[in-house]
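In this note's numbering, the protein residues as written are -19 to 109.
Each residue gets a CB set at the ideal place from its N, CA and C atoms; glycine is no exception.
Nothing here was measured: the structure is a model prediction, and the numbers come from that model.
Here the structure comes first, spelled out in structure tokens, and everything after it is commentary.
Take a look at the structure:
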């Protein structure tokens, strides 16, 4: 992965985690993974106002977690089929990549490999032992 690609992956992962990091949005994600639901159905299930549910759906849609399908005036939502296979795989690829192969972490990788010679670390370890 080059630096540009790594940066894009990180940005997408952060967006997804922010979207799923809110309990109501996580509930919505699970509900629409089970079956496609319109906004009014989500309002009834979650016992929340329509504007609040719509705001949560907007965040999930922007993150690529859910897909919207319009039918007349109604909007139906379901889990984005590409979410699991694409976004999660991308995150796992990033997390399992060799640290030294990620350009955005080059400086951190160098410092990590020289921890034994870091004064701050030595001082900290001497206080512990």
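Secondary structure note for residue 106: its alpha helix (DSSP H) is the uninterrupted segment 99 to 108. Boundaries of the beta strand (DSSP E) around residue 55: 54 to 59. The three-state secondary structure of residue 45, taken from DSSP, is coil. For residue 51, the secondary structure class from DSSP, reduced to helix, strand or coil, is strand. Taking the Cβ atoms as the reference, residue 37 lies roughly 7 Å from residue 19, within the contact range of under 8 Å. Pairwise C-beta distances place the region 86 to 93 out of contact with the region 101 to 109, as fewer than three of them are shorter than 8 Å. Residue 30 and residue 39 do not touch by the CB rule: their CB atoms are close to 15 Å apart, not below 8 Å.
Taking the CA atoms as reference points, residue 61 sits about 35 Å from residue 88. With respect to residue -6, residue 58 sits apart: the two C-beta atoms are not nearer than 7 Å. Here residue 82 carries a coil assignment [DSSP, helix/strand/coil]. Pairing residue -11 with residue 78 gives a Cβ-Cβ distance that is not under 7 Å. Residue 17 has 57 as its beta-bridge partners, per DSSP.
Assignment of residue 94 by DSSP, reduced to helix, strand and coil, places it in the coil class.
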